[in-house]
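In our numbering, the protein residues as written are 20 to 182.
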């Protein structure tokens, strides 16, 4: 295998890994961890303490994944001759990629708000803040699923047409 192909395979692997860590973490948190913690511990201070601890650990993985996705995404994006720029709408491939990037920016904004604004609040659990945090978590899950869908379309559009 030529060295360029090995590098491309490794960059693609890392991009997929960072995506799986971030979006998989969101889905696991929203569909498994949060409901299980509430069922086992109720909605009191112990649940808040547990979720805050999990959130802090996951935030580190998310930030590493965001940086990793940005770097590997830049390396992967100009591999396709159809690529016209990060936010170009000049052809179907670039349009799908631009929409995907907009969704990713939305995910980053939601992640930062949840961890830096909502995650910094102390004191007893505030039901309205807890509801907002959960709603934003599920918004980010939906955005993440949209990113995965658009990733599939970008691969299909960036590849040679099927024979």
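Glycine residues also receive a C-beta, built at the ideal position from the N, C-alpha and C atoms.
Query                                                                                                                                                                           : Result
Rounded to whole angstroms, what's the CA-CA distance from residue 128 to residue 42? Just pull it up for me.                                                                   : 14 Å
Does the stretch 105-124 come into contact with the stretch 52-70, if we say contact requires no fewer than three beta-carbon pairs (one atom in each stretch) closer than 8 Å? : no
What runs of the alpha helix (DSSP H), each 4 residues or longer, lie entirely inside the stretch 96-146?                                                                       : 111-131
So the alpha helix (DSSP H) residue 40 belongs to, where does it begin and stop?                                                                                                : 22-47
Can you grab the Cα-Cα spacing for the pair residue 29 / residue 88, in whole Å?                                                                                                : 13 Å
If you measure between the beta carbons of residue 134 and residue 74, is that distance less than 8 Å?                                                                          : yes
What's the C-alpha gap between residue 84 and residue 49?                                                                                                                       : 18 Å
Is it the case that the CB of residue 42 approaches a heavy atom of the ligand FAD more closely than 7 Å?                                                                       : Inclusion of the ligand FAD in the displayed structure is not the case, the ligand content being empty and no account of it being possible.
To the nearest angstrom, how far is it from the Cα of residue 103 to the Cα of residue 113?                                                                                     : 6 Å
So, for residue 69: in the same chain, excluding its five sequence neighbours on each side, which residues have a beta-carbon less than 8 Å away from its beta-carbon?          : 56 and 60
How long is the line joining the alpha carbons of residue 182 and residue 90, rounded to whole angstroms?                                                                       : Below a pLDDT of 50, predicted positions are generally treated as unreliable, and residue 182, at 48, falls in that range; the measurement from the model is reported next regardless. One C-alpha to the other measures close to 32 Å.
Between the Cα of residue 164 and the Cα atoms of 131, 100, 44 and 79, which residue gives the shortest distance?                                                               : 44
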